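Colleague: Just so you know, the sequences run in chain order L and C. The letter at position 112 of the first sequence is residue 111 when you use numbering that gives the first Met the number 0, and the numbering goes up by one with no holes. The letter at position 118 of the second sequence is residue 117 when you use numbering that gives the first Met the number 0, and the numbering goes up by one with no holes. Beta carbons are placed, not taken as given, at the ideal position from N, Cα and C, and that holds for glycine. Remember, it's a predicted structure, so these values are computed and weren't measured experimentally. One structure coming up, written as structure tokens, with questions to follow.
2 protein chains.
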Amino acid sequence: MELQQAREKFYQTWGTMGTNWGINRTMAQIHAFLLVSEEPVTTEEIMEELLISRGNANINIRTLIDWGLVQRELKAGERKEYFTAEKDMWTISRRIARERRKKELEPALQAIDELRSIKDNTPEGKKFRSRMSDIHSTASTVDSLLQRFINSNDNWIVKMIAYLIK
Amino acid sequence: MELQQAREKFYQTWGTMGTNWGINRTMAQIHAFLLVSEEPVTTEEIMEELLISRGNANINIRTLIDWGLVQRELKAGERKEYFTAEKDMWTISRRIARERRKKELEPALQAIDELRSIKDNTPEGKKFRSRMSDIHSTASTVDSLLQRFINSNDNWIVKMIAYLIK
DNA sequence: TTTTATTTTCAGTAATTATTGAAAGTTCGG
DNA sequence: CCGAACTTTCAATAATTACTGAAAATAAAA
Numbered sequence: 000m001e002l003q004q005a006r007e008k009f010y011q012t013w014g015t016m017g018t019n020w021g022i023n024r025t026m027a028q029i030h031a032f033l034l035v036s037e038e039p040v041t042t043e044e045i046m047e048e049l050l051i052s053r054g055n056a057n058i059n060i061r062t063l064i065d066w067g068l069v070q071r072e073l074k075a076g077e078r079k080e081y082f083t084a085e086k087d088m089w090t091i092s093r094r095i096a097r098e099r100r101k102k103e104l105e106p107a108l109q110a111i112d113e114l115r116s117i118k119d120n121t122p123e124g125k126k127f128r129s130r131m132s133d134i135h136s137t138a139s140t141v142d143s144l145l146q147r148f149i150n151s152n153d154n155w156i157v158k159m160i161a162y163l164i165k
Numbered sequence: 000m001e002l003q004q005a006r007e008k009f010y011q012t013w014g015t016m017g018t019n020w021g022i023n024r025t026m027a028q029i030h031a032f033l034l035v036s037e038e039p040v041t042t043e044e045i046m047e048e049l050l051i052s053r054g055n056a057n058i059n060i061r062t063l064i065d066w067g068l069v070q071r072e073l074k075a076g077e078r079k080e081y082f083t084a085e086k087d088m089w090t091i092s093r094r095i096a097r098e099r100r101k102k103e104l105e106p107a108l109q110a111i112d113e114l115r116s117i118k119d120n121t122p123e124g125k126k127f128r129s130r131m132s133d134i135h136s137t138a139s140t141v142d143s144l145l146q147r148f149i150n151s152n153d154n155w156i157v158k159m160i161a162y163l164i165k
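Written as structure tokens, this is what we have:
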């Protein structure tokens with residue numbers, strides 16, 4: 000397999016993986032391209048390499064920056080913006096976990112929490128509350144593990160893995 | 000808030016959470032309905048409660064059964080099928096993790112693995128391989144943690160949490 | 001075997017989500 | 001301030017994904 004072919008396969012793999020895990024295909028592909036680019040790249044280059052429009056490139060680059068996965072870089076004497084990706088995989092994982100937790104776990108957790116306290120003292124009401132408490136309890140545990148991961152450093156991760164894999 | 004209102008809020012919350020995490024809305028809502036149903040329910044009841052078609056109900060119930068989240072039940076002297084959900088949250092989490100790993104992590108891992116060994120000895124080729132190895136290494140670690148979780152029992156989970164949260 | 005209750009399938013359609021591309025906005029040098 | 005270089009926005013459209021409902025298949029009862 001040729002290098003360029005391999006790169007394209009990687010964009011595609013990363014893109015598919017992204018869609019499966021709640022990140023849109025283009026965003027993941029731009030990230031993939033930046034991950035295998037040694038030098039900072041421009042919006043133009045992203046558009047050409049992935050065959051996407053300027054608007055699409057722009058909005059997804061911005062989201063990657065918001066998530067902390069990509070940084071803007073300016074070159075002296077140039078007006079164009081250049082972009083580079085964070086390359087450390089554990090840092091990438093933590094940043095993704097942080098964003099998804101914030102947007103997709105936190106609100107659900109809060110909704111379940113509220114449902115724990117409906118006023119209904121029939122046996123069905125009691126059973127419902129107890130079910131919600133049960134779900135809330137497990138979800139909270141997952142949430143705090145996730146928060147610990149998000150705020151951890153690589154050293155913590157290594158120790159955790161050593162303990163868990165053993 | 001009334002009980003029925005609370006149930007509906009729960010269907011909606013669980014459905015949204017599902018879509019965010021790669022499970023389709025109806026599948027998650029049927030699961031939610033079964034989670035708060037003490038008695039086994041029929042396809043008819045699911046259709047009425049969630050206002051969905053028979054085809055939609057059928058295909059999603061089947062997927063829930065495939066995932067091991069729902070069981071068929073037969074009542075003596077009746078031809079209709081009844082359904083009940085697994086209620087233990089850690090078991091539910093393990094089953095979901097298992098299915099998603101199988102369909103969405105395993106293939107990506109394998110693709111990355113193949114990209115590690117392209118034949119290209121330019122500096123760019125070497126850098127690409129090293130990037131792929133790096134990604135593969137982190138992804139493998141995540142994968143083995145996940146597999147350990149999937150095959151674990153509640154006791155293991157409790158111990159793990161005790162260690163990690165402390 | 002025929003009738004009836006029930007489940008499954010799937011082509012057509014609807015709903016949702018992502019992308020384009022051109023126009024508007026911004027920023028900077030002269 | 002003006003114009004060029006570049007970035008951002010967003011209405012229209014395309015692509016993807018999910019759902020409906022009626023017909024076909026299945027299975028039990030008569």
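Does the beta carbon of residue 143(L) fall short of 6 Å from some heavy atom of the ligand NAD?
Modeller: Absent from the structure shown: the ligand NAD. Ligands present: none.
Colleague: Chain L partners of residue 144(C), CB-CB under 8 Å?
Modeller: 160, 163 and 164
Colleague: When you compare the stretch 95–112 of chain L with the stretch 27–47 of chain C, are there three or more beta-carbon pairs, one atom per stretch, that lie closer than 8 Å?
Modeller: no
Colleague: Are there three or more Cβ pairs, one per stretch, closer than 8 Å when the stretch 100–110 of chain C is compared with the stretch 8–23 of chain L?
Modeller: yes
Colleague: Please say whether residue 80(C) and residue 71(C) have beta carbons closer to each other than 7 Å?
Modeller: Their beta carbons are under 7 Å apart, which means residue 71(C) touches residue 80(C) by this criterion.
Colleague: Taking the straight line between their C-alpha atoms, what separation do you get for residue 17(C) and residue 75(C)?
Modeller: 34 Å
Colleague: Three Cβ pairs or more, each shorter than 8 Å: is that satisfied between the stretch 41–59 of chain C and the stretch 138–150 of chain L?
Modeller: no
Colleague: Could you tell me which chain C residues have their CB closer than 8 Å to the CB of residue 137(L), listed as they occur along the chain?
Modeller: Correct list: 88, 89 and 92.
Colleague: Put residue 115(L) into one of helix, strand or coil per three-state DSSP.
Modeller: coil
Colleague: DSSP state of residue 40(L), grouped into three classes?
Modeller: strand
Colleague: Taking CB distances under 7 Å as the criterion, tell me whether residue 157(L) reaches chain C.
Modeller: no
Colleague: Between 161(C), 62(C) and 39(C), which has its C-alpha nearest residue 95(C)'s C-alpha?
Modeller: Ranking 161(C), 62(C) and 39(C) by Cα distance to residue 95(C) puts 62(C) first.
Colleague: Quick check: the Cα distance between residue 158(C) and residue 58(L), rounded to an integer number of angstroms?
Modeller: 43 Å
Colleague: Once DSSP output is grouped into helix, strand and coil, what is the label at residue 83(C)?
Modeller: When secondary structure is reduced to three states using DSSP, residue 83(C) falls in the strand class.
Colleague: Pick out whichever of 19(C), 84(C), 89(C) and 160(C) has its Cα sitting closest to the Cα of residue 40(C).
Modeller: 84(C)
Colleague: Measuring alpha carbon to alpha carbon, tell me which of 60(L), 160(L), 35(L) and 77(L) ends up nearest residue 23(L).
Modeller: 60(L)
Colleague: Between the Cα of residue 104(C) and those of 117(C), 128(C) and 137(C), spot the shortest distance and give me the residue it belongs to.
Modeller: For the residues 117(C), 128(C) and 137(C), the minimum Cα distance to residue 104(C) belongs to 137(C).
Colleague: Select from the stretch 106–133 of chain L all residues with a C-beta closer than 7 Å to any C-beta belonging to chain C, and list them in chain order.
Modeller: 107, 110, 111, 114, 117, 119, 123, 124, 126, 127, 130 and 133
Colleague: Ends of the beta strand (DSSP E) at residue 69(C)?
Modeller: Following the DSSP letters along the chain, one finds residue 69(C) inside the beta strand (DSSP E) bounded by residues 69–73.
Colleague: If you measure between the beta carbons of residue 134(C) and residue 97(C), is that distance less than 7 Å?
Modeller: no
Colleague: Counting only beta-carbon atoms, is residue 25(C) nearer than 7 Å to chain L?
Modeller: no
Colleague: Indicate the three-state DSSP secondary structure (helix, strand or coil) for residue 52(C) in the structure shown.
Modeller: coil
Colleague: In angstroms with no decimal places, state the Cα-to-Cα distance between residue 77(C) and residue 127(L).
Modeller: 28 Å
Colleague: Is there a Cβ of chain L sitting closer than 7 Å to that of residue 43(C), yes or no?
Modeller: no
Colleague: Our contact map puts residue 21(C) next to residue 2(L) with C-beta atoms below 8 Å; I'd like the distance itself, whole angstroms only.
Modeller: The pair is not a contact, with the Cβ atoms about 32 Å apart (cut-off 8 Å).
Colleague: Would DSSP call residue 78(C) helix, strand or coil?
Modeller: In the structure shown, residue 78(C) sits in coil (DSSP, three-state: anything other than H, G, I, E or B).
Colleague: So, are the CB atoms of residue 117(L) and residue 5(C) less than 7 Å apart?
Modeller: yes
Colleague: Between the C-alpha atoms of residue 146(C) and residue 156(C), what's the straight-line distance to the nearest angstrom?
Modeller: 13 Å
Colleague: Is it buried or exposed, residue 64(L), if we count other Cβ atoms within 10 angstroms and call 16 or more buried?
Modeller: exposed
Colleague: Does residue 40(L) get closer than 7 Å to chain C when you measure Cβ to Cβ?
Modeller: no
Colleague: Around the Cβ of residue 91(L), are there at least 16 other Cβ atoms within 10 angstroms (buried) or fewer (exposed)?
Modeller: buried
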